[in-house]
């Protein structure tokens with residue numbers, strides 16, 4: 001309901017030539033998906049085994065995408081054109097979104113490596129897939145998805161290590177060394193395949209090795225424009241999709257928002273602040289009463305990292321935010337509850 005006023009405001013603020021329906025759908029489809037997914041997952045009972053199955057399902061599309069990228073673009077050297085994000089190396093799709101999806105796959109494969117690799121064969125298989133996925137994510141030249149993956153993996157490993165027994169911690173250290181070696185090899189191969197351009201990209205340099213002024217590639221400027229929009233209309237905001245509309249009018253470029261926080265502030269005003277507070281405070285409050293979800297901080301970190309570099313143009317951040325609200329219970333309690341529920345239905 002807090003999103004509705006921005007639609008009403010947009011009906012009077014969007015320019016005459018803007019397509020009202022598609023512009024509104026573009027900026028609000030992500031938040032609406034998050035809301036629906038969160039309502040579905042909130043306090044829904046699952047077991048740790050089921051959560052691991054869900055994460056496996058997250059890995060499969062990323063594996064398919066990695067395979068497609070190798071088939072579509074087997075030679076990275078043929079697509080090099082500088083240190084900017086590379087659509088050709090991203091299968092012809094948006095590098096930002098591809099890197100984000102592959103980053104999610106990297107997290108899923110790390111989970112498989114640490115928790116679902118009981119023998120040497122599975123360890124090697126998961127390492128090979130992780131290495132291939134990491135390589136393809138790096139050579140998109142889009143840093144946001146890779147940085148998000150690193151943050152999410154760190155959040156997961158921190159939670160896992162903190163809650164593990166002494167014996168389990170020794171196994172984690174061994175797997176961590178394998179992970180570090182895999183990432184190192186992936187980076188070396190990426191650097192070799194790109195003739196060192198990827199090193200310059202992450203060092204914030206252009207192809208000539210000259211330092212760039214803005215490491216965020218213009219995202220700070222976009223964010224400041226959104227803050228200006230909030231300051232100009234702080235109560236109800238400037239209306240859904242009006243930020244992009246203003247950019248079309250002033251500079252002729254239809255750049256969408258890359259930061260969901262800034263977009264919520266500018267287009268929703270004070271209601272945007274309320275939305276942000278609900279999205280942050282609610283899962284943390286829920287966490288105080290349910291600390292059995294190993295992946296809570298990883299799920300929340302993926303959502304927060306992704307919306308700050310890519311907005312909500314894909315469904316992944318909203319979906320993982322919803323997963324943070326799952327009620328993870330012991331296997332025995334879950335089965336007991338299912339049996340009790342089935343008995344009650346029969347009695348009715």
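Residue numbers (full-length UniProt numbering): 1 to 348.
A virtual CB, placed ideally from N, CA and C, is assigned to each residue, including glycine.
Quiz item: Quick one: what does DSSP say residue 46 is sitting in, helix, strand or coil?
Solution: Taking the chain shown and counting its residues from 1, the one referred to as residue 46 is at position 46. Residue state, collapsed to three classes: strand.
Practice problem: Tell me whether residue 33 is buried or exposed, calling it buried when 16 or more other Cβ atoms sit within 10 Å of its Cβ. | Solution: Here residue 33 is taken as the residue at index 33 of the chain shown, counted from 1. Buried, by the Cβ-count rule.
Quiz item: Hey, out of 24, 10 and 283, whose CA is closest to residue 313's CA?
Solution: The residue given as residue 313 occupies position 313 in the chain shown. Here the closest residue by C-alpha is 24.
Practice problem: Taking all protein chains shown into account, decide if residue 17 is buried (16 or more other Cβ within 10 angstroms of its Cβ) or exposed. | Solution: Reading the chain shown from its first residue, position 17 is the one you call residue 17. By the 10 Å Cβ count, residue 17 comes out exposed.
Exercise. State the CB to CB distance for the pair residue 258 and residue 310, rounded to an integer number of angstroms; the pair is presumed to be in contact (CB under 8 Å).
Key: Along the chain shown, read from residue 1 onward, the residue named residue 258 stands at position 258. Along the chain shown, read from residue 1 onward, the residue named residue 310 stands at position 310. About 6 Å; that satisfies the 8 Å criterion.
Quiz item: How big is the Cα-Cα spacing for residue 236 and residue 204?
Solution: Locating residue 236 in the chain shown gives position 236, counting from the first residue. Locating residue 204 in the chain shown gives position 204, counting from the first residue. Answer to the nearest angstrom: the Cα atoms are 37 Å apart.
Quiz item: So, is the C-beta of residue 112 closer than 7 Å to a C-beta in chain D?
Solution: The structure shown contains no chain D; it holds only a single protein chain.
Quiz item: Using CA coordinates, which residue listed in 331, 52 and 82 is at the minimum distance from residue 199?
Solution: By one-based count along the chain shown, residue 199 stands at place 199. If we check each option's Cα against that of residue 199, 82 comes out closest.
Quiz item: Where residue 331 and residue 289 are concerned, what is the direct C-alpha to C-alpha distance, given to the nearest angstrom?
Solution: Residue 331 sits at position 331 when you count from the first residue of the chain shown. Residue 289 sits at position 289 when you count from the first residue of the chain shown. For residue 331 and residue 289, the distance between alpha carbons rounds to 18 Å.
Quiz prompt | 8 Å contact criterion, which residue 279 and residue 273 should meet: CB distance rounded | solution = As a working mapping, residue 279 is identified with position 279 in the chain shown. As a working mapping, residue 273 is identified with position 273 in the chain shown. Rounded, the Cβ-Cβ distance is 11 Å, inconsistent with contact.
Practice problem: Just confirm the distance between the C-beta atoms of residue 73 and residue 88, as a whole number of angstroms; I'd bet it's less than 8 Å. | Solution: As a position in the chain shown, residue 73 is number 73, starting the count at 1. As a position in the chain shown, residue 88 is number 88, starting the count at 1. 6 Å between Cβ atoms; contact.
Exercise. Could you name each continuous alpha helix (DSSP H) segment of 4 residues or more that falls completely within the stretch 57-140, going from the start of the chain to the end?
Key: 95-115 and 120-138
Exercise. Could you round the C-beta distance between residue 239 and residue 13 to whole angstroms and report it? I think they count as a contact, below 8 Å.
Key: Looking up residue 239 in the chain shown gives position 239. Looking up residue 13 in the chain shown gives position 13. Confirmed, about 4 Å.
Quiz item: What separation, rounded to the nearest whole angstrom, lies between the Cα atoms of residue 116 and residue 193?
Solution: Mapped onto the chain shown, residue 116 falls at position 116. Mapped onto the chain shown, residue 193 falls at position 193. Approximately 31 Å between the Cα atoms of the pair.
Exercise. State the DSSP-derived secondary structure class of residue 170, mapped to helix, strand or coil.
Key: Within the chain shown, numbered from 1, the residue matching residue 170 stands at position 170. DSSP places residue 170 in helix when its eight states are reduced to three.
Self-check item: Residues near residue 152 in its chain [Cβ-Cβ closer than 6 Å; skip 5 each side]
Solution: Counted from its first residue, the chain shown places residue 152 at position 152. Within its own chain, the residues whose Cβ lies closer than 6 Å to the Cβ of residue 152, once the five positions on either side in sequence are excluded, are 107, 298, 301 and 302, listed in chain order.
Exercise. Thinking residue 229 and residue 243 are a contact (beta carbons under 8 Å), I'd like their distance in whole angstroms, please.
Key: As a position in the chain shown, residue 229 is number 229, starting the count at 1. As a position in the chain shown, residue 243 is number 243, starting the count at 1. That pair is a contact at about 6 Å.
Quiz item: Helix or strand or just coil, what does DSSP make of residue 146?
Solution: Here residue 146 refers to the residue found at position 146 of the chain shown. Of the three classes helix, strand and coil, the one that applies to residue 146 here is helix, per DSSP.
Quiz item: Is the stretch 318-337 touching the stretch 41-49 in the sense that three or more CB pairs, one from each, lie closer than 8 Å?
Solution: yes
Exercise. Could you pull out every residue in the same chain whose Cβ sits closer than 6 Å to the Cβ of residue 105, ignoring the five residues on either side in sequence?
Key: Your numbering for residue 105 matches position 105 in the chain shown. The residues are 59, 62 and 133.
Quiz item: Taking the C-alpha atoms as reference points, what is the distance between residue 93 and residue 165?
Solution: One-based indexing of the chain shown puts residue 93 at position 93. One-based indexing of the chain shown puts residue 165 at position 165. For residue 93 and residue 165, the distance between alpha carbons rounds to 44 Å.
Quiz item: In the DSSP assignment, what residue or residues form a beta bridge with residue 328?
Solution: Translated into positions along the chain shown, residue 328 becomes position 328. Answer is 46.
Quiz item: Of all the options 318, 339 and 96, which has the alpha carbon lying nearest to the alpha carbon of residue 40?
Solution: Within the chain shown, the letter at position 40 stands for residue 40. For the residues 318, 339 and 96, the minimum Cα distance to residue 40 belongs to 318.
Self-check item: Helix, strand or coil at residue 200 [DSSP, three-state]
Solution: The residue labelled residue 200 in the question sits at position 200 within the chain shown. Three-state DSSP puts residue 200 in a helix.
Practice problem: Return the residue from the list 29, 112 and 8 that minimises the CA-CA distance to residue 54. | Solution: In the chain shown, residue 54 corresponds to position 54, counting from 1. The shortest C-alpha separation from residue 54 is found at 112.
Practice problem: Use the C-beta contact count for residue 339: other C-beta atoms within 10 angstroms, 16 or more gives buried, fewer gives exposed. | Solution: If you number the chain shown from 1, residue 339 lands on position 339. Per the 10 Å Cβ criterion, exposed.
Quiz item: Does DSSP classify residue 340 as helix, strand or coil?
Solution: Along the chain shown, one-based indexing puts residue 340 at 340. Helix, per DSSP.
Quiz item: Leaving out five residues before and five after residue 276 in sequence, what residues of the same chain have Cβ atoms less than 7 Å from its Cβ?
Solution: Taking the first residue of the chain shown as 1, we reach residue 276 at position 276. Here the set comprises 261 and 264.
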